[in-house]
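Right, one structure below, let's go through it.
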Amino acid sequence: MNETFLANLQDLFEKNCEGVTPLQKAIRKQAWKRFSDLGLPDKTLPGYGYFPFQQFYRESYDLASISQISKDQYFSLIYPECRNSYLIFVNGQYSPELSNTTALPREVVVLRLRDALHKHGNFLQVRLSRSLKEEKDPFVNLNIAMIQMGLFLYIPQKVVIDVPIQCLHLICNEKSAIFNPRIHFFVGSQAKARFIYDHVCLKDFDYFSNSVIDVALEEGAQLEQYGVLNPCAHGYALTSVRATLKRDSRFQSLTCGSACRSLKQDFRIALLGENASCDLQGINLLSENRQSHVNVHIDHAAPYCHSNQLFKNVLNGHSKASFEGKIYVESKAQKTEAYQLNHNLLLGDRAMSNSKPNLEIFADDVKASHGATVTQLDPIHLNYLRSRGIDPDTAKKLLLQGFICEIIDKAPCEAMRQRMMQVAEKHNG
Amino acid sequence: MLIIKNLHVSVDGKVILKGIDLTIEPGEIHAIMGPNGAGKSTLSKVIAGDPDYEVISGEVLYLDQNILEMEPEERAHLGLFVSFQYPVEIPGISNLHFLHAAYNAQRKAKEEPLVSESEFRKILGEKLDLLEMKPAFAERNLNEGFSGGEKKRNEILQMALLDPSMAILDETDSGLDIDAMRVVACGVKRVFSQDKGLLLITHYQRLLDYIRPEFVHVMMDGQIVKSGGPELAQQLEEKGYDWIEEKVEA
Chain A
296 MNETFLANLQ
306 DLFEKNCEGV
316 TPLQKAIRKQ
326 AWKRFSDLGL
336 PDKTLPGYGY
346 FPFQQFYRES
356 YDLASISQIS
366 KDQYFSLIYP
376 ECRNSYLIFV
386 NGQYSPELSN
396 TTALPREVVV
406 LRLRDALHKH
416 GNFLQVRLSR
426 SLKEEKDPFV
436 NLNIAMIQMG
446 LFLYIPQKVV
456 IDVPIQCLHL
466 ICNEKSAIFN
476 PRIHFFVGSQ
486 AKARFIYDHV
496 CLKDFDYFSN
506 SVIDVALEEG
516 AQLEQYGVLN
526 PCAHGYALTS
536 VRATLKRDSR
546 FQSLTCGSAC
556 RSLKQDFRIA
566 LLGENASCDL
576 QGINLLSENR
586 QSHVNVHIDH
596 AAPYCHSNQL
606 FKNVLNGHSK
616 ASFEGKIYVE
626 SKAQKTEAYQ
636 LNHNLLLGDR
646 AMSNSKPNLE
656 IFADDVKASH
666 GATVTQLDPI
676 HLNYLRSRGI
686 DPDTAKKLLL
696 QGFICEIIDK
706 APCEAMRQRM
716 MQVAEKHNG
Chain B
189 MLIIKNLHVS
199 VDGKVILKGI
209 DLTIEPGEIH
219 AIMGPNGAGK
229 STLSKVIAGD
239 PDYEVISGEV
249 LYLDQNILEM
259 EPEERAHLGL
269 FVSFQYPVEI
279 PGISNLHFLH
289 AAYNAQRKAK
299 EEPLVSESEF
309 RKILGEKLDL
319 LEMKPAFAER
329 NLNEGFSGGE
339 KKRNEILQMA
349 LLDPSMAILD
359 ETDSGLDIDA
369 MRVVACGVKR
379 VFSQDKGLLL
389 ITHYQRLLDY
399 IRPEFVHVMM
409 DGQIVKSGGP
419 ELAQQLEEKG
429 YDWIEEKVEA
């Protein structure tokens, strides 16, 4: 089974190498070799412990085609705040023709990855080489090997982008396909940006989306990213975020996911300079037999850094969720503050949740905590609301909303909050 | 309007209330006093409909209806309000959102038109003023991070909004400083009228200096062991509960 899956990927890889520049080809081959050396992931790999491999490795895919999309199909999905600052991906491929970046300061560079490889080669090649050397997740390497049309976004130092940038991923392939969207952010020192992404399914079919967001934050840089992951029910979606943070920089991520056959979010954040901080939050709303898996690794490699994680799941039907998180504090990372929480609300009788919070600390002056809960709606809370005349259904709805809103009330705009609420309502009946 | 007859209640298999009889008529203010563990809070929770408390025998009639058969929200719709000694904290739900839902639930039960959030904000604003509470109070999460006194004020705010015909206030005075007590007592008196009933459950006399009950009952070991007028509260304050205990034993 695994051999067939691998052979399918090899075919696609070779097909994808046709007609590309020698530089692109060299990088892809290197990535494929790394992927092959690591082998297909299995349940022993961090973050994959509950991934449904048996089912997944039975699938077969083709390369995504470039579907024709009209403005009517996506314009209503653009947030009002982003009318002149949106980037469109169709079936995993960045489309400059459909995108609009007129609201961005002129110093900001938005390029196809292949063009950036030549224009900003030094930075990108170093970044890719390091990733190929250090990355242990085979699928993140596969992303580089199978890259089709990635995006490079460079915000030079001290440039502050006032408007949020929306990245809209549209999925509308005609047949089973693999997508490997890749985005590279380079945020210069003291620069600041807000990035919003949406995954929207225009046609529901089998697919494997293997996306990677690579973030490099220079000193004092700030990047906030907010995502609504609403993949097609029949898809497998892997989103991996890799970020390196230099001194005084700040990275914030907040996602609301509805999951699919299996939605896996994987964060690997390295706090490399003093006083860097990251805040990762997410909520996944699962119904039927959908699955969500979150894996977080935060490396505290410098003193005075701060990290915070809050991940929540609402599980209906016979959905499954897992959370695996590690805070790794190196011996030099004194005065670290690191917190991690995972809360699961089990609403379905057959729903299942696994949580594995983890701390590994080698410094001796550290404030750190982790915790996990798996609960149902609290009968004491329900009774309190009912004693004020609120009927049981409304009371349950209110409590559920309370659980969800702790995350989604932090959405950067009302339109996005509304979209997150719609996802929540859809999956909680 | 509220008639409790020979009420026996247990929790986790332990009998707490051992035959309570109490009648409250419109316009009457009653107080139940008693030492810790006497069963005072159990009585309020049973009336509110807490499912953890099992009624072994007895009746609680409110406006001639047996409320023990009713769901907690049905009791609230009938005009009963119980303020809790330890109101729960519910993260993620704003006070405004909760109060609006409760207000509209009552209106729906009375078949009155629901009010919009903006209309409700005005109504809430008046009640906040009544209890000298800041408008920001409405935006905070329900009881989350509230001090003991703030939680109690929030309970009275709910009472003022829902305008019940009978209120049972369980240890509303605990956690309140003297100024807060005056404001809360003032708020309670404004809501109270001659067609309503009020039952104060308290450990100490001090709330009763502000809201003077006409009837005072002493509860001990799950029973009302003595009833009297306001002078009884005064005697308890001076002599303590041991005095009653000795009298009962004698």
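Going line by line, the protein sequences match chains A and B.
Under the numbering used here, read the first sequence as residues 296 to 724, first letter to last.
Under the numbering used here, read the second sequence as residues 189 to 438, first letter to last.
Note that CB positions come from ideal geometry on N, CA and C, so glycine has one too.
Small disclaimer: the values here were computed from a predicted structure and weren't measured.
As the crow flies, the alpha-carbon of A:N603 is around 56 Å from that of B:P418. Comparing C-alpha distances from A:E701 to each of A:E354, A:L610 and A:T550 shows the shortest one belongs to A:T550.
For the pair A:N639 and A:K691, the Cα-to-Cα distance works out to about 16 Å. Chain-order list of chain A residues neighbouring B:I278: D673, H676, Y679, L680, L693, L694 and G697, by C-beta distance under 9 Å. Under the rule that a run must span 3 or more residues, the beta strand (DSSP E) segments found entirely inside the stretch 200-236 of chain B read 202-212 and 217-221. Annotation for A:I578: the continuous beta strand (DSSP E) segment containing it runs S572 to L581. The beta-carbon of B:P260 is placed less than 8 Å from the nearest beta-carbon of chain A. For B:A289, the neighbours in chain A by C-beta distance under 7 Å run, in chain order, I685, T689 and L693. Across the set A:K630, A:R712 and A:A667, the C-alpha of A:K630 shows the shortest separation from the C-alpha of A:F657. If you check each beta-carbon in the stretch 544-561 of chain A against every beta-carbon of chain B, none falls closer than 9 Å.
Using a Cβ distance threshold of 8 Å, A:S362 and A:N386 count as a contacting pair. For B:H265, DSSP records no beta bridge to any residue.
In the pairwise beta carbon analysis, the stretch 251-260 of chain B is classified as not touching the stretch 275-291 of chain B: fewer than three pairs are separated by under 8 Å. Interface with chain B (8 Å Cβ-Cβ cutoff): A:E701 is included.
Taking a C-beta distance under 8 Å as the contact criterion, A:Q560 and A:V589 qualify as a contact pair. For B:L350, the uninterrupted alpha helix (DSSP H) segment begins and ends at G336 to L350. Residues of the stretch 232-249 of chain B with a C-beta less than 8 Å from any C-beta of chain A: A236, G237, D238 and P239, listed in chain order. Nearest CB-CB separation between B:A293 and chain A: below the 8 Å threshold. When the Cα atoms are used, B:Q382 and B:H218 turn out to be separated by approximately 13 Å. Runs of the alpha helix (DSSP H) lying entirely within the stretch 302-338 of chain A, each at least 4 residues long, are 317-333 in chain order. Going by beta carbons, B:V372 and B:R341 fall inside the 8 Å limit. Contact check for A:L610 against A:A646 passes: the beta carbons are separated by less than 8 Å.
Straight-line measurement puts the Cα of A:S471 at about 31 Å from the Cα of A:H592. Around the beta carbon of A:N379, a 10 Å sphere encloses fewer than 16 other beta carbons of the protein chains shown; the residue is thus reported as exposed. Of B:K193, B:G215 and B:Y291, the smallest CA-CA separation from B:S245 is found for B:K193. The C-beta distance from A:I456 to A:V403 rounds to 7 Å, short enough to meet the 8 Å contact threshold. A direct Cα-to-Cα measurement between A:G697 and B:L350 gives close to 22 Å. Any Cβ of chain A closer than 8 Å to the Cβ of B:V303 would place that residue at the interface, and such an atom is absent. Among the residues of the stretch 322-341 of chain B, none has a Cβ less than 7 Å away from any Cβ of chain A. Residue state for A:R407 is assigned as strand, using DSSP reduced to three classes. The criterion of a C-beta distance shorter than 8 Å is satisfied by A:A565 and A:A596.
In this structure, the CA atom of B:A226 is about 23 Å from the CA atom of A:S682.
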